[in-house]
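Protein chains in written order, with my numbering: chain A, 95 to 390; chain B, 15 to 335; chain C, 15 to 335; chain D, 11 to 511. Each remark here refers to the structure printed beneath this line.
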Ligand SMILES: Nc1ncnc2c1ncn2[C@@H]1O[C@H](COP(=O)(O)OP(=O)(O)OP(=O)(O)O)[C@@H](O)[C@H]1O
Ligand SMILES: Nc1ncnc2c1ncn2[C@@H]1O[C@H](COP(=O)(O)OP(=O)(O)OP(=O)(O)O)[C@@H](O)[C@H]1O
Ligand SMILES: [Mg+2]
Ligand SMILES: [Mg+2]
């Protein structure tokens, strides 16, 4: 969309935590759709790494200095982006927060999934499939990464509370890399050949986990509940290598994020909290229209 | 060629960039250029301060023939410990000293290991990179240290005379000091001598181990200070802060004419190297270039800037006499 | 000390590790040790294959006095392009050739830039690291390339004789080839000659530029192959694949006795270096050590292994005379 | 002599580095079966001219003819394939390779030639044969790092002789060799002449040339100022052509008064390098140490200086016992070591001459906490004038100086450091006659101001001309002491090489 700017169009900076996962690409699709529909220009820009907090601060700062009309931001840390968000508000630029929370209330709207609830949904599915007993492991993303920490903790607590017969035997991290997740999954399976279930808390860890299951010929013997969806992961549900995927609605996050700030620019006041919801995709429901709509 | 022209040369790539970006903004985006506004220049100063401060210390270490891959991890460790000390109630200023002290201690350790173990600094500090990062993560259990006092943002946010960001002043102050040290003191002179030929330096009566340790400790201290600024910017102590900075810092030194094999490098060159990378990133954002294309452009500019610099240097040597 | 004992020495650190981990499993976790099971050893072979293959090429480049920071980015770029060619309908075997060709082309470019621009390889390949990564991300628009044919997993999953993973065979085959090249051919001999004194090599009539280009191209090709294995492992073309691998690969070479200043390094040493790091990571997972402590341990082991090796080497040299 | 096609002709060669004209229309001619001696002061351009011949540098102007045919060499490979080989002044070998690998580098015998598989057994066998044939006692399987400077030079000589087919250039091949080895080399040169090669031989040891030279060319400041048959010029005339002025005597007289003992070495040992060494040096005295290569002289002076710790024994400086010596403390006590290997332990090659000269006494340049750049340049200019260093530019990187001028810069370092005890290890290696005489004059002046001087040298005439006393070392032991005025080269050699007789 470079060069298409005409001065009459409002410019909305949409700033994700990172750019290179299909999750963010789907957010972008939603934002672009809203931009086309509402007649605003979308500036999509994020740091290369999701851990690059000061890189994201720089991008927000540059957007403010560029005097965009509004900002839609997925803060890479709840505390770190507070000064920038407050500064934008002082300078009259409305900010909508999406995906992860922020420790201030000086924003317009907060559009996100309840990550903890996502973990709980995964835990209930796991509990049902295993009939309330067995050994499971968690393949996490990175300790300290807030949204995935919440999913993993949601999962852990729900298992402990609702399925006392299920034992969580190992918890390793894949460092947001598919290959490292695969190695970690292999090592989990080495340590616990009798494992019954595995929970992977984002796209890269799910990719790694399903590769380990395929390479270990464990399809059908191990219940894998993953998180996030790509066409490839969805295909893996068909033959049972993946039991189910907790799916957020990144398209809606992008769409709603842009809609809220455009509403504001048009003088309306959007809701402060918009929950984009989580769904569970299984073999049974994967062909329903609602599910198809979630994986763009 | 007169001497002042020669001094001026390294700036050329930087100035060319600074001219191209507003032109791009005007013709490409059809906007009034924002690049050269005071606000944006201040932003660049804030954005590059962390790398520049570390790069000044790295200049010393690299001129002396060493290298330190652990600086990014030091930023993280110092950030966590310093932030914890502030949440524990230490006043902000004392907290800043903690950052610097933690950094200097790490640097001292690096220097002592390099001289005592007699193995290449690349290895020692590659190990240290893992150790310090692991320590920072362990201490904070991987979570960012939050709840800093409101004054913690001071270092990064404060502007002097209502316009100049405080980090800019810190950078300038340390640049002057390190420049003076490198060009006009024993400590600096020995740096070049050791980097050029460490055996010869030892035979000339220089206590090479002691000085090496000092250089690493200074770099560590400056990395700790960088950690303080980073913490102040993010208002949290991030255990992952500074990840990958080592390459940026080393690149700044090398773009600025420093040599990986020691004996060459200047503070002015390093600052320009750091600014080139900072301006590129900022300009890319202003020009709304895709981050993927930005990576390509930054990579190409690093190669071109050094090639151009080398070419000028060689041409000048031929024409001197 | 007899010659065979000397050859055996670098294994010591590795063997010590392999003994300690099962002991830890038994006494710490109270489990039957899983570390030495065939399944786990096969897993280690698969997990280390990518780094080991790249490290063999890096051994050549580093022995010849160069370095290549762009290898991780080549893994990503080759992975994306190769995966795309497969989704476009190319058969798996032809696809693998595409991976290797893309890698070799990148390496060739690196080599030509290093020799033509006359600037340090660190800079050239630091730039290339950004360029190739940006290209991979740009081509794939930041998304993983998915929908590979089912045979794409072959390279990583296939086991030979029902037990030995195919990547292990690839590693062994290339280790034998590269070892042979380094120890018994002109290509390898000139590697050591150039790394040890490039002027002397030129005076001896060796066309150093041509050879340098060849070494970088070989490393590129091996990185492309590593990209194929990486892609095969996760059955997706990840544009971010290989990020940070350059440090692991260089560390493997250096732990194995290779020198950053050229002239020294062997394939056997490099493989051991790579295995030490791989075994540490695997052992850490089996022992359920916190990832933070693992970082610390790996850092410490890198330093200790090289220190021990240096110490032995020096002791042996003194006792020889 | 009948007219015939010259083996080599270089005509009108020009070459500039960084705008400095180093060679200016140089013509030289060498004939088959003859040795052309090429002489000139340090920095006259001898090595540069020869590097043009061997394809390392490309000339700005001029032509080269080999056997009457015009050639253009754009790299050393071209020159080698045209039959031109060279022994370089700075040793150009690969330290991590073995002796045999170095000798055949670039021309390894191969099996499966398509793959370039090296036949290592054949390689070692050939090398062993060659070394034996040339009378050099070196194991072809040893790595080069383990060899002494002298042995490395022999390897370099072997390597060049194997390669040479038409022309062989020897740039100061004897700078690290002792007389026995030099004789061996001369025998090889006579063989080469008999095989019909043209030999170009560069040396500052004029007495050596008498034995082998057939013709002579003299370079001065990048111009060929004389060409003719060897023997037409007397040594004095040669020196006048080289220096462009009269040189009164090589060894200037000294009027030093010998005073108190300044340095006393008592039973110093560092087995197996040297054992039970005792001697003393007085103020105003020059004590020479003679010995064959590997006798342990370098190790001895380095131990006295504190570069290595001695195993046992005692050192006294000005009657004070020295414990725990290090280079740093030695410099503070006024001891200076002019090292044998100026590239490895002497100079910071990519730093300016000024930095190198002031390195051991930077403190003297600091005023008010600041290093005074202007003073530093003045100091440097002072030594440039005093020692006649060329080119006289303080900012010049020492790597760009010719060997002899590098050596003078290093001497200047210890003069500026204000040393009182000088340990000079091969102080005139690679230094031309005129400059040598300047260094000798400087040494004498130092002695006259009360300095104590230890001079290690393989150049016996130099020791006989300069020293008051000469100590002889053999295999780490002090075996004899002579009054320099009452001994001869033969007598010293007899003790230095006793066991070999
Ligand atoms: N690569 C170079 N770059 C710049 N100047 C050089 C270079 N090589 C040689 N020179 C200069 O060229 C001149 C001639 O040097 P050269 O080495 O040919 O002298 P030489 O006659 O061999 O002296 P010596 O007897 O000391 O070896 C010197 O002034 C030297 O400083
Ligand atoms: N057999 C050897 N192996 C390895 N290095 C040696 C050997 N002999 C001598 N050297 C090295 O060569 C250099 C000179 O040798 P040394 O000090 O023993 O004798 P020297 O009397 O000074 O001989 P020279 O006349 O060559 O200066 C020293 O640096 C020494 O370490
Ligand atoms: Mg010369
Ligand atoms: Mg000696």
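Virtual Cβ for every residue (Gly too), placed ideally from N, Cα, C.
Measuring alpha carbon to alpha carbon, tell me which residue in the options is nearest residue i.
i	options	result
residue 155/D	42/D, 135/D, 112/D and 363/D	112/D
residue 212/A	243/A, 177/A and 226/A	243/A
residue 215/D	188/D, 44/D and 197/D	188/D
residue 121/C	159/C, 158/C, 71/C and 103/C	71/C
residue 277/C	74/C, 116/C and 65/C	74/C
residue 339/D	268/D, 162/D and 316/D	316/D
residue 259/B	195/B, 221/B, 153/B and 66/B	66/B
residue 334/A	344/A, 351/A, 311/A and 353/A	311/A
residue 157/C	367/A, 363/A and 123/A	123/A
residue 346/D	150/D, 369/D and 179/D	369/D
residue 458/D	91/D, 252/D and 293/D	293/D
How big is the Cα-Cα spacing for residue i and residue j?
i	j	result
residue 252/C	residue 115/A	9 Å
residue 323/C	residue 31/C	15 Å
residue 248/A	residue 69/B	43 Å
residue 15/C	residue 38/C	Because the pLDDT of residue 15/C is 43, which lies under 50, any placement of that residue in the model is unreliable, and the question is left without a value.
residue 113/C	residue 139/C	19 Å
residue 6/B	residue 206/B	Outside the shown range of chain B (15 to 335) lies residue 6/B, about which nothing can therefore be said.
residue 78/B	residue 333/D	30 Å
residue 507/D	residue 199/D	24 Å
residue 281/A	residue 43/B	51 Å
residue 160/D	residue 268/B	39 Å
residue 313/D	residue 74/D	50 Å
residue 320/B	residue 233/B	24 Å
residue 333/B	residue 133/C	Below a pLDDT of 50, predicted positions are generally treated as unreliable, and residue 333/B, at 46, falls in that range; the measurement from the model is reported next regardless. Computed Cα separation, rounded: 21 Å.
residue 105/C	residue 317/A	32 Å
Select from the stretch 156-172 of chain B all residues with a C-beta closer than 7 Å to any C-beta belonging to chain A, and list them in chain order.
-> 156, 157, 158, 160, 167 and 171
Are the stretch 234-251 of chain B and the stretch 82-92 of chain B touching, with three or more C-beta to C-beta distances below 8 Å?
-> yes
The stretch 141-155 of chain B: positions lying closer than 7 Å to chain C by Cβ = 141, 142, 143, 144, 145, 147, 148, 149, 151 and 152
4 or more residues per run - each alpha helix (DSSP H) lying fully within the stretch 106-146 of chain D = 109-113 and 130-144
Quick one, which residues of the stretch 173-202 of chain B are near chain C if we go by CB-CB under 9 Å, in chain order?
-> none
Whole alpha helix (DSSP H) runs in the stretch 153-208 of chain D with 4 or more residues, listed along the chain?
-> 159-173 and 189-204
Decide yes or no for the touch test of the stretch 87-107 of chain D against the stretch 203-219 of chain C: beta carbon pairs closer than 8 Å, at least 3 of them.
-> yes
Pull out every residue of the stretch 89-107 of chain D whose Cβ sits closer than 9 Å to any Cβ of chain C, in chain order.
-> Answer in chain order: 89, 90, 91, 96, 98, 100, 101, 102, 103, 104, 105, 106 and 107.
So, do the stretch 222-230 of chain A and the stretch 196-211 of chain A have three or more beta carbon pairs nearer to each other than 8 Å?
-> no
Segments of 3+ residues assigned as beta strand (DSSP E) that fall wholly inside the stretch 232-298 of chain D = Fully enclosed beta strand (DSSP E) runs of 3 or longer: 233-239, 271-280 and 284-292.
The stretch 22-41 of chain D contacting the stretch 381-388 of chain D, beta-carbon criterion three pairs below 8 Å = no
Evaluate contact between the stretch 89-102 of chain D and the stretch 125-137 of chain D, counting only Cβ atoms and requiring at least three cross-stretch pairs below 8 Å.
-> Flag = no, the stretch 89-102 of chain D and the stretch 125-137 of chain D do not touch.
At least three beta-carbon pairs within less than 8 Å, the stretch 163-172 of chain D to the stretch 277-288 of chain D = Two segments are said to touch when three or more pairs of C-beta atoms, one from each, lie closer than 8 Å; by this definition the stretch 163-172 of chain D does not touch the stretch 277-288 of chain D.
For the stretch 329-361 of chain D, list the alpha helix (DSSP H) runs that are entirely contained and at least 4 residues long, ordered along the chain.
-> 337-342
Are the stretch 341-358 of chain A and the stretch 369-382 of chain A in contact at 8 Å, needing three or more beta carbon pairs?
-> yes
Name the residues in the stretch 181-195 of chain A whose C-beta lies less than 8 Å from a C-beta of chain C; which are they?
-> Residues are counted here when their Cβ sits less than 8 Å from a Cβ of chain C; for the stretch 181-195 of chain A the count is zero.
Along the stretch 95-112 of chain C, what residues have a CB closer than 7 Å to any CB found in chain A?
-> none
Between the stretch 285-318 of chain D and chain C, which residues of the former have CB atoms less than 8 Å from a CB of the latter, in chain order?
-> Of all residues in the stretch 285-318 of chain D, none has a Cβ within less than 8 Å of some Cβ in chain C.
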